[in-house]
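Worksheet: the structure to be examined is printed underneath.
Residue numbers (this note's numbering), protein chains in the order written: chain A, 609 to 828; chain B, 649 to 1272; chain C, 21 to 298.
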């Protein structure tokens, strides 16, 4: 009787541990990054600095060849795609793109929407759309109606970045734009370019895993 | 436990050889050089290596269990032989055993364990749906939960009744001491276990996002976890086909003298019709998955539009398997319920011929309805009225089962034991499930309900409310016979009532929620549906808790209390209850003869049965 | 004990009474309020269809539930009575024939009624493929719905092929949705309009609906298409024809820069690149 009880209890505990392990595996995800707010003059505004890289590297991810978005916090690049933004605020976004051109599946997405002034700047030059074949990624929050195409680095530009973190001396395009958050809510953001190298249709792997080319925006 | 006993062809060796085989295959797969693979080179994704690894892993597993021994012996010239049934020892359950009773119990435990994992996934899914927006699991992990839940449940429950109960009882019910192919019988079980383990490895490869249906092109995009799904279902398909083959061969060729087809218990008819479906539908699944695997590895274009293929091909092929598959799930439940009702109403089965016609009708019609899954997919419009008619027609043979169940209750002496409660609940649940199916079969109504939670609630009512309730009925009915120990009746009743109420409380509102516009497999929903979803989630947690009650009953009564079960606690006149509990290794002292009536209730002349004092009455064929 | 005949009479009486109570509730209370509502003629016809289904099912459901309840009360074994058998009834030809006849009639009626609804409503709002069997007579406004991972976009071929990210429709017009996909299988579900059509790549799936009054409607994706399937939802609007003209003109101005890159309007697209290499 005693041994039976011990075996059964051990079994139940083992199962409980396995269940806990299972849940832990699934609950993992990127740690949210809270954008620091800075009041400048009358309108509240925040800065969000992002980077898109062709291969995220083994320091930041077990999948070292996956494309990814990175966010900069205190000068250090983190792989976090869950961002907390304040409500009713202007968000100034800077994206440093170190990845090459892929091309949009739907060229319609190469025109920016939902941004202040209807335009964004590539290396300082303002424009409202790009050639869809030059697109490398997009920054899009569809339920807020925000989409900005991210132009890719030329194929023959010198000093292409291999693995993140990418120093600024590597070839990159700088995209800047501003959008306004509304009321509090939870939104997803995604890239629309089939940029997942090595997957059929380019939409597997990093394109369908939160933490690389997809994430959440929590407006609080 | 001596060390020597652990060395040999058993589960331990099988697991070791399986892992070794996996790594050998992985290495071999990486040696394959192909232009199509250069494409994958920079992501580290190598589907070819994974498929080869799964294949060699399963081979290693089966070799470790000893399945290669007999074929090798035959190749080396040994004469054919029927392997001796291992007669004693708990080690029988951990290896290749040709005793159909051991295989039945192995199935019960093995399927039970994997169903537990599937159910855990369901609890986690409902936890996420407590809030209309993101709560706990990221989008891709949530989809993996949904996918593994559905895939595991479907793969395991196809053999959910045939595996444990048909393997154990069909030979007894037809008066045989074994199945036609005992080694294949054991093989079907171990293939299913290997498949379940493979599906769980999907987590190590990033999970998969397609749900149990695996629609291309999404399944072609996905990362390596998708290969685990393909390997799982292919193995399940093989297991299904072999199980069906074995059942059919057994019932066709090994019936005892006097047992004509019209004298078979209805459970055997349920098994036979299910086996035909398994045998014919599983190969379609295996070929479809093979095509999908080729698309993912060799870059063929069966389902890739830009290269000349069509996703419709996948949808049609899948549902050509998928629809008979759900009748593989429904028919055994019907067989169980119609087997239980005569015992607990103490009347013959009412309308035996009608019930058999119903089962055969369902079996035949199930091949003609699959496009009702594709009503709004853009199929040729001329087809829709035809499939609407054929799908609605299939409710006719289903209705026969109902009328036979009701007729059996007429003027009966009903005893509400735990198995009977489950059988009666089946009638209620399958009624709701069947009626919701009529809504879905009607094309205009289907326009709103297709792909919504209404469709999900429909199949949960029929599969869980139907099959799983019948499964538990069978467990409470037959487990004492299989193990020789009683199950606690009070805990059984608690299990039943909590499960029945919680089940209806979970899936009833989902019928409404689906109609109100919530699609399936979504992780967010409109805010005004939160109250309803919270109610459903809490009910689902209670439903899960009822399973824990069952587990507690199982452990308490089978491991600790161990009250010896009487040989015929239910007063059944069926053959298996004329044998001792547990059924002895050799099954019968001598092969029984069967009389004209499988349900000799009501004081009519007793048919044969295993009773040494009473010889058979008017057998159809001479004995011996 | 009560005779068989009186059991039968009681069950029949209870069934009739039960049906008499439930049927009016179904027809007058539940039916008119059934989803998806009466926003368009196809949605209304779906409501009618659902009501007819409920009406036909009601007698059978009441009968089975009444019978079950009655059996559990009247045919119970007394406590401690031991193993006493019931009468050896093995079937009853007339009952089986009656059951077969009534269920067959019900099923055939429903199949014919459903087919009639389907044809009368130009497909009842469901996607009917590139060549639907039933087409509306008269002018239709074609609107292409493009499903892609993970957003719906819309093209108006009769307005220069302009593509927009939101769906606005003029009231009182017959609309032909041409639903297609650029990648995986999606499904365009406009709930209050009563429209659902799968978006298959390379396929033009047509669904018809006639809009009525200005309103908003929910758009959901109803076929699992990957990570953000659950977030692929939107709100569409039906507005007055004048407001629609203003809106579409504004969109043509807004999206003029990208028009030169859009492929010519076609019933389906095979976008390049389909394979993404390095």
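Where a beta carbon is used, it is the ideal one built from N, C-alpha and C, also for glycine.
Whether residue i touches residue j by CB criterion (9 Å)
{"i": "residue 990 of chain B", "j": "residue 1247 of chain B", "result": "yes"}
{"i": "residue 230 of chain C", "j": "residue 1062 of chain B", "result": "no"}
{"i": "residue 1134 of chain B", "j": "residue 821 of chain B", "result": "no"}
{"i": "residue 689 of chain A", "j": "residue 828 of chain A", "result": "no"}
{"i": "residue 1048 of chain B", "j": "residue 1003 of chain B", "result": "yes"}
{"i": "residue 855 of chain B", "j": "residue 796 of chain B", "result": "yes"}
{"i": "residue 653 of chain A", "j": "residue 786 of chain A", "result": "yes"}
{"i": "residue 1242 of chain B", "j": "residue 910 of chain B", "result": "no"}
{"i": "residue 285 of chain C", "j": "residue 175 of chain C", "result": "yes"}
{"i": "residue 129 of chain C", "j": "residue 69 of chain C", "result": "no"}
{"i": "residue 244 of chain C", "j": "residue 1169 of chain B", "result": "yes"}
{"i": "residue 979 of chain B", "j": "residue 925 of chain B", "result": "yes"}
Same chain, Cβ closer than 7 Å to residue i, neighbours up to 5 away in sequence not counted
{"i": "residue 1106 of chain B", "result": "1081, 1084, 1085, 1088"}
{"i": "residue 717 of chain A", "result": "746, 755, 757, 800"}
{"i": "residue 650 of chain A", "result": "Below a pLDDT of 50, predicted positions are generally treated as unreliable, and residue 650 of chain A, at 48, falls in that range; no measurement from the model is reported."}
Same chain only: Cβ atoms within 8 Å of residue i, ignoring 5 sequence neighbours per side
{"i": "residue 931 of chain B", "result": "885, 889"}
{"i": "residue 668 of chain B", "result": "708"}
{"i": "residue 1211 of chain B", "result": "1133, 1134, 1205"}
{"i": "residue 817 of chain B", "result": "752, 915, 1126, 1224"}
Cross-strand partners of residue i (DSSP beta bridge)
{"i": "residue 798 of chain A", "result": "A/748, A/822"}
{"i": "residue 168 of chain C", "result": "C/171"}
{"i": "residue 218 of chain C", "result": "C/207"}
{"i": "residue 693 of chain A", "result": "A/827"}
{"i": "residue 829 of chain A", "result": "Beyond the ends of chain A as shown, which are 609 and 828, falls residue 829 of chain A; an answer cannot be given."}
{"i": "residue 201 of chain C", "result": "C/167, C/221"}
{"i": "residue 1146 of chain B", "result": "Answer is none; residue 1146 of chain B lacks a bridge partner."}
{"i": "residue 61 of chain C", "result": "Residue 61 of chain C pairs with nothing; no bridge assigned."}
{"i": "residue 705 of chain A", "result": "A/660, A/781"}
{"i": "residue 183 of chain C", "result": "C/175"}
Under the three-state DSSP convention, the category residue i falls into
{"i": "residue 662 of chain B", "result": "helix"}
{"i": "residue 957 of chain B", "result": "coil"}
{"i": "residue 682 of chain A", "result": "coil"}
{"i": "residue 733 of chain A", "result": "strand"}
{"i": "residue 1040 of chain B", "result": "helix"}
{"i": "residue 241 of chain C", "result": "strand"}
{"i": "residue 1245 of chain B", "result": "coil"}
{"i": "residue 604 of chain A", "result": "There is simply no residue 604 of chain A to check, as chain A begins at 609 and stops at 828 in what is shown."}
{"i": "residue 741 of chain A", "result": "helix"}
{"i": "residue 666 of chain A", "result": "coil"}
{"i": "residue 783 of chain A", "result": "strand"}
{"i": "residue 85 of chain C", "result": "helix"}
{"i": "residue 677 of chain A", "result": "strand"}
{"i": "residue 1133 of chain B", "result": "strand"}
{"i": "residue 300 of chain C", "result": "Lying before the first or after the last residue shown, residue 300 of chain C is absent from chain C, which here runs from 21 to 298."}
{"i": "residue 660 of chain A", "result": "strand"}
{"i": "residue 228 of chain C", "result": "strand"}
{"i": "residue 1000 of chain B", "result": "helix"}
{"i": "residue 610 of chain A", "result": "helix"}
Exercise. Is there contact between the stretch 103-112 of chain C and the stretch 987-1007 of chain B, where contact requires at least three CB pairs shorter than 8 Å?
Worked result: Yes: the two stretches touch, three or more of their Cβ pairs being nearer than 8 Å.
Exercise. Is the stretch 181-195 of chain C touching the stretch 1115-1132 of chain B in the sense that three or more CB pairs, one from each, lie closer than 8 Å?
Worked result: Two segments are said to touch when three or more pairs of C-beta atoms, one from each, lie closer than 8 Å; by this definition the stretch 1115-1132 of chain B does not touch the stretch 181-195 of chain C.
Exercise. Taking three-plus beta-carbon pairs below 8 Å as touching, is the stretch 827-847 of chain B in contact with the stretch 766-782 of chain B?
Worked result: No, they do not touch.
For this session: Flag this pair as touching only if the stretch 1022-1039 of chain B and the stretch 925-944 of chain B have three or more C-beta atom pairs under 8 Å; answer yes or no.
Result: Touching, no, given that fewer than three Cβ pairs across the two stretches are closer than 8 Å.
For this session: Flag this pair as touching only if the stretch 116-135 of chain C and the stretch 186-200 of chain C have three or more C-beta atom pairs under 8 Å; answer yes or no.
Result: With a cut-off of 8 Å, the stretch 186-200 of chain C and the stretch 116-135 of chain C do not count as touching, because too few Cβ pairs lie within range.
For this session: Pair every Cβ in the stretch 737-751 of chain B with every Cβ in the stretch 796-810 of chain B, then say whether three or more of these pairs are closer than 8 Å.
Result: Taking 8 Å as the limit for Cβ pairs, the verdict is that the stretch 796-810 of chain B does not touch the stretch 737-751 of chain B.
Exercise. Does the stretch 1142-1157 of chain B come close enough to the stretch 214-234 of chain C that 3 or more CB-CB pairs lie under 8 Å?
Worked result: Note that the stretch 214-234 of chain C does not touch the stretch 1142-1157 of chain B; fewer than 3 beta-carbon pairs, one per stretch, sit closer than 8 Å.
Exercise. Which residues, in order along the stretch 668-683 of chain A, keep a beta-carbon less than 9 Å from a beta-carbon of chain F?
Worked result: This model lacks chain F altogether, as its protein chains are A, B and C.
Exercise. At a cut of 8 Å, does the stretch 721-731 of chain A reach the stretch 762-779 of chain A through at least three beta carbon pairs?
Worked result: Too few Cβ pairs lie closer than 8 Å, so no.
Exercise. Between the stretch 145-163 of chain C and the stretch 1051-1065 of chain B, are three or more C-beta pairs nearer than 8 Å?
Worked result: No, the stretch 145-163 of chain C is not in contact with the stretch 1051-1065 of chain B.
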